[in-house]
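Colleague: Quick one: the structure is below, questions incoming.
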Amino acid sequence: MQKMRDAAAKRNMELTCEAVPNAGISDEIGKWDVCLVGPQLVYAVNNIKSILNIPVASIEPRVYALADGDKALDFAIELAKKS
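Following my numbering, the numbering of the sequence shown begins with -15 at its first residue and continues without gaps.
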């Protein structure tokens, strides 16, 4: 998440990133524009979408493994544009 924050700062963008457990996702309703989950939670994407009612997607495994903040941020931006 810090790499995404750093990527946003380089672009002069405001960004809030949080890590929350899957079990606590309903506590986050209304707080986010998009939700990215790690590849280990790809099975939960549809359930999370139904709870949060916002765009939700799994980060590509390679982007996640390399902690590529720029690519993750680009992915989040594209996801937000689709909403």
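Note that the Cβ used here is the ideal one computed from N, Cα and C, for glycine as well.
Just so we're clear, the structure is a prediction, and the values are computed from it rather than from any experiment.
Do residue 19 and residue 36 come within 9 Å of each other at the CB atom, strictly closer than that value?
Modeller: Cβ distance < 9 Å, so residue 36 and residue 19 count as in contact.
Colleague: Tell me the start and end of each unbroken alpha helix (DSSP H) in the segment -12 to 32 that is at least 4 residues and wholly inside, in chain order.
Modeller: As far as the segment -12 to 32 is concerned, it has no whole alpha helix (DSSP H) run of at least 4 residues.
Colleague: From 22, 13, 41, 59, pick the residue whose C-alpha is nearest to that of residue 49; which is it?
Modeller: 22
Colleague: To the nearest angstrom, how far is it from the Cα of residue 15 to the Cα of residue 57?
Modeller: Roughly 18 Å between the two C-alpha positions.
Colleague: Are there three or more Cβ pairs, one per stretch, closer than 8 Å when the segment 3 to 13 is compared with the segment -14 to -6?
Modeller: no
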